[in-house]
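In the numbering used here, the protein residues as written are 90 to 778.
We treat Cβ as the ideally placed atom computed from N, Cα and C, and that holds for glycine.
Written below as structure tokens is the structure these notes are about.
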């Protein structure tokens, strides 16, 4: 294995830099704040409130520059490190050979072929026709349904990117999402709805294996990917047949410009900056060649290179006038009519109602020649339906063809003959976990004392949660990584928390919470006066989530604690959490493409650390883990992080959610990865002649 190298070895006057939290654009399928993954803003993604953009931009600009300067934050890092870009590609090659051990060639893969091979491992002997007749009422039938429906079309039998006679390319997909998009500008993508849209609108230079998370070059987008032997420099050569949806060529300069925009202090995109911040610099040497220079040799360099892009020819002249990218007339127009570079483009959008994407013919066909496989669906409709019951009724009628089922729906309505007329269902474990989150900031008077956090954890009725509300489908959560993850510390023997009301009562008394005025509520001294233990938990309008919050309120009432439940739209809750304007919140996080992604949530002052959690040892271990190249050693580091966070009680750990989906039997290619369900390569069969 190549030795680890620091930027201090790159140039004589270089210095080491710590990194900000990482934003997992690649597959942090951040799932989240809802039993429906579409409400995820917390799948390691989070919502950006436009109302606070100007203030945020001004505050952040004051740290580096009071005037707009494209790429000022990157330039500051580079000056402190004594780093300058090599002037030519020849100079890059010379630097790589003389100081970084030369070049190594990385593997290129077809993204569809990668997923085809992954799902072939679990191929079933049953046909889809046979699986469609099964009722999913047993683990065996569940496995058979998954194995049959996850099989992707074998494109190896199709020559020269031609259409398959098995596919109905005029078909459309109707997909349910419970929350609206945050923005069509990828810089503000923030929820699982955004992530689903991203997959259709954004090209990726690199892709990663759904199980091993290993990175490969994306052959649909690039020709080659080379890295220096010490992983300090990456050089990518792009294909010459890529265009934006308006016909303008997509070039390496778009990636260079996007990096500079992300690293501009007046552009209020703190979350995605945390991945680009790991880079020392990005430079386009011609229209097709882009070179990434890293601060350190790290196992997550591929993630740092996978930041979102915006079109240079669109934004270069307008970003200085409106660094928020949201308020000027031009940027407002782009929000409704964006220019995209992926497989699809935005055809129509109605706020809180629907998003319609249309297949881009100039993505797969250039100058009359088909250069990439044609996406299977002519259109993809995202139907925004906040209420799961409404979405389910549309699933029964065929107006929605794929949705995530609630536990209650799966065990009742989706077990009826009417459901199976058009649909079937499947479920599998996911890495998504849910919790009641404490606000640990100094402004919130209730949860600073770990004895209080423990007490509330012991007060909760996990048996009712799992058996009644989750119907035995979900597993009790024991920390940030699921038990199926290699980063879960099995050797630590972390205990399952069980309800123990007397222990909870004793801990509260020990922490100084007593009912001194006999009003039925515990009280405690805070800033010179006694305050009652009375707080609000925020959640979305989802019925299941509301009922689980009500269960918490019932449990705490027995102890003399008043907990009221406030429901709101998902995006509003996300904005409240981002602004730290809450006392307790119910939400979840989904697993990312690398365990370091959790630093964005758990690192002190990290971008998505909405609860003000801080543990210096956790911070230290995240810094250690980001630089450790040995897989086994990395696992030990993150297992220790998991243990420390679990034992700090930063939340009331609830459950790891099973991913349960209902889908129309006409769909093919619906499966599950370790993180969640997968539908990006689904298709419908052509009519038989």
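Beta-carbon spacing of residue 241, residue 758 below 8 Å: yes
Own chain, CB closer than 6 Å to residue 304, minus 5 neighbours either side, in chain order: 295, 297 and 391
Rounded straight-line distance, which links the Cα of residue 551 to that of residue 433: 44 Å
Separation of residue 771 from residue 345, as counted between CA atoms: 33 Å
Which of helix, strand or coil DSSP assigns to residue 621: strand
Exposure of residue 702, with buried meaning 16 or more beta-carbon neighbours within 10 Å: buried
Buried or exposed by the 16-neighbour rule on C-beta atoms within 10 Å, applied to residue 394: buried
Residue 655 - partner residues in DSSP beta bridges: 627
Residues that residue 757 bridges to, as DSSP identifies them: 772
Nearest-angstrom Cα separation, counted from residue 685 out to residue 724: Those two C-alpha atoms are separated by around 11 Å.
Rounded separation between residue 827 and residue 321 - CA only: Residue 827 lies beyond the residue range present for the chain, which begins at 90 and ends at 778; the question has no answer from this structure.
Residue 331 versus residue 769 - alpha carbon distance: 20 Å
Residue 479: first and last residue of the uninterrupted alpha helix (DSSP H) it sits in: 477–486
Pick from 292, 590 and 486 that is closest to residue 328, judged by C-alpha positions: 292
Any C-beta of chain B under 8 Å from that of residue 596: Of the protein chains in the structure, only one exists, and it is not chain B.
Strand pairing of residue 603, partner residues [DSSP]: In the DSSP assignment, residue 603 forms a beta bridge with 612.
Which of helix, strand or coil DSSP assigns to residue 297: strand
Ranges of the beta strand (DSSP E) found wholly within the stretch 218–270, counting only runs of at least 3: 261–266
DSSP beta-bridge partners of residue 437: 445
Burial state of residue 587, where buried means 16 or more other Cβ atoms lie within 10 Å: exposed
Collapsed DSSP secondary structure at residue 419 in the structure displayed: helix
Span separating the alpha-carbon of residue 651 from that of residue 641: 10 Å
Buried versus exposed call for residue 239 [16 or more other C-beta atoms within 10 Å across all chains shown]: buried
Beta bridge counterpart(s) of residue 468 as assigned by DSSP: 261 and 447
Nearest-angstrom Cα separation, counted from residue 620 out to residue 236: Spanning the two alpha carbons is a distance of roughly 57 Å.
Host beta strand (DSSP E) of residue 728 (start-end): Counting along the chain, residue 728 falls outside any beta strand (DSSP E), though it belongs to the alpha helix (DSSP H) covering 720–737.
Simplified DSSP state of residue 424, which is helix, strand or coil: Shown here, residue 424 sits in a helix according to DSSP, grouped into three states.
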